[in-house]
Structures are given as structure tokens and as C-alpha cells.
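In case it helps, my numbering puts the sequence shown at residues 139 to 561.
Glycine residues also receive a C-beta, built at the ideal position from the N, C-alpha and C atoms.
Contents: one structure, followed by commentary.
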Amino acid sequence: MANDFLDYVKIIVKAGRGGDGAVSFKHEKYVPNGGPDGGDGGKGGDIVFEASSSLNTLVPFRYQRKYIAEDGAKGQPNNCTGRSGQNLVIKVPVGTVIRDTQTNSVVADLYAEGETFVALRGGRGGKGNARFAHSKRQAPTFSQLGEKTEQHQLTLELCTIADVGLVGYPNVGKSTLLSVLTSARPKIANYHFTTINPNLGVVQLMTGSFVIADIPGLIEGASEGAGLGHYFLRHIERVRIIVHLVDISGSEGRDPIEDYKNINNELKKHSEKLASTPQIVVCSKADLLEDKENIKKFEKAIKKKVFVISSYTHEGLEELLEEIKKQVEQLPPPSRVEVDKDFELEVKQDQSYRIDLMPDGTFLVTGGLVDFLIQNVVLDSTESFAFMQKVLKDRGVIAELKAMGMKEGDTVEIGDVEFEWVE
Ligand SMILES: Nc1nc2c(ncn2[C@@H]2O[C@H](COP(=O)(O)OP(=O)(O)OP(=O)(O)O)[C@@H](O)[C@H]2O)c(=O)[nH]1
Ligand SMILES: [Mg+2]
139 MANDFLDYVK
149 IIVKAGRGGD
159 GAVSFKHEKY
169 VPNGGPDGGD
179 GGKGGDIVFE
189 ASSSLNTLVP
199 FRYQRKYIAE
209 DGAKGQPNNC
219 TGRSGQNLVI
229 KVPVGTVIRD
239 TQTNSVVADL
249 YAEGETFVAL
259 RGGRGGKGNA
269 RFAHSKRQAP
279 TFSQLGEKTE
289 QHQLTLELCT
299 IADVGLVGYP
309 NVGKSTLLSV
319 LTSARPKIAN
329 YHFTTINPNL
339 GVVQLMTGSF
349 VIADIPGLIE
359 GASEGAGLGH
369 YFLRHIERVR
379 IIVHLVDISG
389 SEGRDPIEDY
399 KNINNELKKH
409 SEKLASTPQI
419 VVCSKADLLE
429 DKENIKKFEK
439 AIKKKVFVIS
449 SYTHEGLEEL
459 LEEIKKQVEQ
469 LPPPSRVEVD
479 KDFELEVKQD
489 QSYRIDLMPD
499 GTFLVTGGLV
509 DFLIQNVVLD
519 STESFAFMQK
529 VLKDRGVIAE
539 LKAMGMKEGD
549 TVEIGDVEFE
559 WVE
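What follows is the structure, given as C-alpha cells:
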């Protein structure tokens, strides 16, 4: 594949973690024991995607695979909140569909210019020790850690948003047609698979404009990987209308009727949606056609009205453009890829727990709640330990321990902490 185009890539993203809350006490002249004044940590930066029509490939992501937003800064003395981490805005081409790599769930379709999507929120800042002070605890020596964030792998997939898609065998004149209808200048040459990446062109009309996508040619067996395979069909998956080109002159010795059937067969093998997309059938290279009867024969065989054109002599182009325009105006706009509503990239932390009475009489507490406590409380003083015990009490853990028969002097193990229960 050429180096200047990429439409599928996996990247790693991570929001910034929250800054830790500060532990600090006022140091004022002539005031021996000032109160706690540790400020809160700052919030971490978000991971935000933004659609930009000035990009048309995912190539930049080939060179940078990891995107990590800035962490929130630590809280400061004097009740100063730490600085929030900057959001990381990742620009992607319009039409980029974002999936969670692990589950393949669609999390966003960045469909319109300037559209944004907050994929991951930055961690919240931890509370400073000033927040933990009350009448019975005037000088808390602990603070809360900032919320940690996790990295996720995302799959970015470019599903071009075009109104019209050109399909057909290689060399039937798709790129040439694009070049005469729009200002696009795709590569044109007399060999198969000249086009190896999709080309886009805009048709400008008095009443507005629409976009045509020209993709690499298809051949029989493309669904099994023949030629360039089905790979590029993703770029016409959401067009309003397909313009199906058939070389009516049979300049390469193939039968136009067979060509037509084979291509439709390949579209069907790719998806029902492509097979049911409205189609305008175009007979190309009419200037090379010697026997005009072939057109009638073709039309009769496929039971459809056809448009006969030559991009060389410009025969039939006006009528074709008129028909495309008419249908584009009538058909619904290119559809969005549906987002999986039930899927959330960030799973709420599990705060359940379980208690096991071990053979040696120790009560072992495990589960999400324990992980949460270890992550969120700095266990470096008796006071923070007391705080942890309060959380355990509030969440009903202590009551359950007692119900299980915990008495004064029994050992309780929570995470790395082991203590003897005292009333
Ligand atoms: N005589 C004649 N030749 C044409 C016409 N349109 C295109 N060609 C020629 O047909 C050859 C193939 O044209 P392309 O536009 O590159 O064909 P394509 O369908 O894009 O081919 P791939 O990109 O390989 O799939 C080139 O040599 C063109 O000059 C036409 O209307 N009449
Ligand atoms: Mg081409």
C-alpha cells in the first residue's frame, strides 16, 4: 500500500491522572500550630477526538501510536488547587469511526467537520488534607491520591463520507470519469489497479455540491482477496448511490453483461447494504464501440436503463450528471455508523467486596472496594488508617465482619494492611 494513505490503525490512548491532594499546614509567623491547608490535586486532561476535513488519511497515526493527556498537578500549600492537565485533542479525518479494539464496539463516528468526542475523561484530583479536617480531627496528616487512569487501545477506521461511489472492473474508466466531473486529478493509466487508494472529488453545482469517491477496481473473486480485494469497499459503504461503470466496448475482451453480474455479486458478498444501495449503470468508452446494438443487448439483459458515456468525447456526461444530481437530492444523506449504546469505554470502578474467614482465624477482605481504598488513600499515618476504617464502616464491611464473628483482637487483612480489631 502506498505510503501516503492509511485508513485503518490501532492507537493507545490514556487520559491524564488526577493530581494528588497535598498535606500541608499553615506556617504563619507567631502562629505555632497552623491548621491544615493542603490544596486539592488538579484534574487530569481528557482525550478528545476532533474531525477535520483538512485531513484525508490516518497516516500521521502510523508514526505516533501513543496519545497520553497531561496529568493534573499536585495540590499545593495554602489551599492552592493543582493545575489541571491539558486536554489532548487528536485530529482525525471526517468519517473516522472509533472502536474499542478489545470488544470491537463502535464508540464514535466523527461524521461532521469540527465534531468532537470525549473518549476518556481525565482523573479527578485528590482532596487535600484541609478537606479532611473537622472538629474531632483538626490536623489530618493524610490526603487523597488523584484518580488513576488506564490506557485503552482504540481502532481508527476511515469510512469516507461521499454521496456517490464509483465501482467497476479495473481500467473501465472510473478515475477518468472522476477527473472530467470534478477538479480531482487522480492517476489514470492503461493498466489494471492504477488506483490503489480511494480518490475523492467534489462536483460543484449552482445549487450546492456533492462528493464522488473513486475506489480501486474490483474483479471476480475480490471477496476472497483477488486483486486488491474488498478492502476499499468500506469507503463506499455509506454512499447514497453507486455509479457502476461497465466497459461497453469490451476493449479487454470481456463480456459487459458478465462484468456487470460479477461486480454486483462481489458487492453482495461484501454486504447486503452495498447490494441494496441504489445504482446507476453506466456504459463507458462508448467512443470505442463499433456496434451500437451492443448497448440494446446489454440493457435488455440487465433489465435496467443505462447511461452511455465517453469521458473522451464527453458524450452523455451531461445526462449522467443530471441523473446523479437528481438521485443524490432525493436519497437520504450518507448514514452514520451506529454507536454501540451499551458499551462504555470507561468502566465504573467495581466497589464490591467479599470477606473470607481463613483457617488461621484471619478475616480476609478482598474485591474492588479494597483496590479502590488502596488507590485512593495514602496509608502513611495512623490517621489515614482511621480514615480507611471509617470507609469500611460506612460501606458496611465492619458490620459484616462482626456478623461473621469478628471479636476484639482478631486479625483483619485488607490489601497489604493487617491489623488487630479493637473496638
Ligand atoms: N477510449 C476511451 N478510453 C478511456 C475512456 N475513459 C478512460 N479511458 C482510458 O482507459 C484507461 C483506464 O482508465 P482509468 O480511468 O485509469 O480506469 P480505472 O477504472 O480508474 O482503472 P483502475 O484504477 O485500474 O481500476 C486509461 O488509459 C484511460 O485513458 C473513454 O471514455 N474512452
Ligand atoms: Mg482508477
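Heavy atom of ligand 2 within 7 Å of residue i beta-carbon
{"i": "T298", "result": "no"}
{"i": "D352", "result": "yes"}
{"i": "P336", "result": "no"}
{"i": "T333", "result": "yes"}
{"i": "S449", "result": "no"}
{"i": "S490", "result": "no"}
{"i": "S313", "result": "yes"}
{"i": "P472", "result": "no"}
{"i": "P324", "result": "yes"}
Proximity test, residue i beta-carbon vs ligand 1 heavy atom, cut-off 7 Å
{"i": "V310", "result": "yes"}
{"i": "G454", "result": "no"}
{"i": "D425", "result": "yes"}
{"i": "P347", "result": "Sequence inspection shows Ser at residue 347; the Pro mentioned does not correspond to that position. Flag unset: Cβ of S347 not near ligand 1."}
{"i": "S321", "result": "no"}
Cβ-Cβ separation, residue j to residue i (assumed contact under 8 Å), whole Å
{"i": "D158", "j": "G179", "result": "5 Å"}
{"i": "Q489", "j": "L507", "result": "5 Å"}
{"i": "D145", "j": "L248", "result": "About 14 Å separates the two Cβ atoms, so there is no contact after all."}
{"i": "I353", "j": "L304", "result": "7 Å"}
{"i": "A211", "j": "R221", "result": "4 Å"}
{"i": "L469", "j": "I379", "result": "6 Å"}
{"i": "N194", "j": "L294", "result": "That belief does not hold up - the Cβ atoms of N194 and L294 are roughly 13 Å apart, past 8 Å."}
{"i": "I447", "j": "G454", "result": "4 Å"}
{"i": "K152", "j": "Q282", "result": "Contact flag wrong, Cβ pair sits at about 21 Å."}
{"i": "L356", "j": "E428", "result": "Going by Cβ atoms, the distance from L356 to E428 rounds to 27 Å, so no, they are not a contact pair."}
{"i": "F331", "j": "L366", "result": "6 Å"}
{"i": "L371", "j": "L412", "result": "6 Å"}
{"i": "V529", "j": "L502", "result": "Rounded, the Cβ-Cβ distance is 17 Å, inconsistent with contact."}
{"i": "G154", "j": "G311", "result": "In fact, because the Cβ distance is near 52 Å, the residues do not count as touching under 8 Å."}
Short Cβ contact (8 Å threshold) for residue i with residue j
{"i": "G284", "j": "G177", "result": "no"}
{"i": "F255", "j": "A246", "result": "yes"}
{"i": "G263", "j": "G183", "result": "no"}
{"i": "G459", "j": "L258", "result": "The residue asked about is misnamed: residue 459 is Leu in this sequence, not Gly. The answer is no: Cβ separation not under 8 Å."}
{"i": "F163", "j": "S522", "result": "no"}
{"i": "R376", "j": "S243", "result": "no"}
{"i": "P416", "j": "Q465", "result": "yes"}
{"i": "D568", "j": "Y307", "result": "Any property of residue 568 remains undetermined from this structure, which presents the chain solely from 139 to 561."}
Beta strand (DSSP E) segment containing residue i, residue limits
{"i": "R200", "result": "From DSSP, R200 is part of no beta strand (DSSP E) but of the alpha helix (DSSP H) over P198 to Y201."}
{"i": "P231", "result": "L226 to P231"}
{"i": "L495", "result": "R492 to L495"}
{"i": "E556", "result": "V555 to E558"}
{"i": "V466", "result": "Looking at the DSSP string, V466 is not in any beta strand (DSSP E); the run it does join, the alpha helix (DSSP H), is L455 to Q468."}
{"i": "N337", "result": "N337 to L343"}
{"i": "C79", "result": "Because the chain is modelled from 139 through 561, residue 79 falls outside the range shown and cannot be assessed."}
{"i": "S389", "result": "Careful: S389 lies outside any beta strand (DSSP E) and carries neither H nor E."}
{"i": "D352", "result": "G346 to D352"}
{"i": "V244", "result": "V244 to L248"}
Where the alpha helix (DSSP H) containing residue i begins and where it ends
{"i": "S313", "result": "K312 to L319"}
{"i": "V535", "result": "V535 to A541"}
{"i": "D498", "result": "D498 -> no alpha helix (DSSP H), and no H or E assigned at all."}
{"i": "A439", "result": "E431 to I440"}
{"i": "I395", "result": "P394 to H408"}
Neighbour flag for residue i against chain C, beta carbons, 8 Å
{"i": "R262", "result": "This model lacks chain C altogether; it includes just one protein chain."}
Any non-hydrogen atom of ligand 3 closer than 7 Å to residue i Cβ
{"i": "H382", "result": "As presented, the structure is devoid of ligand 3, carrying ligand 1 and ligand 2 as its sole ligands."}
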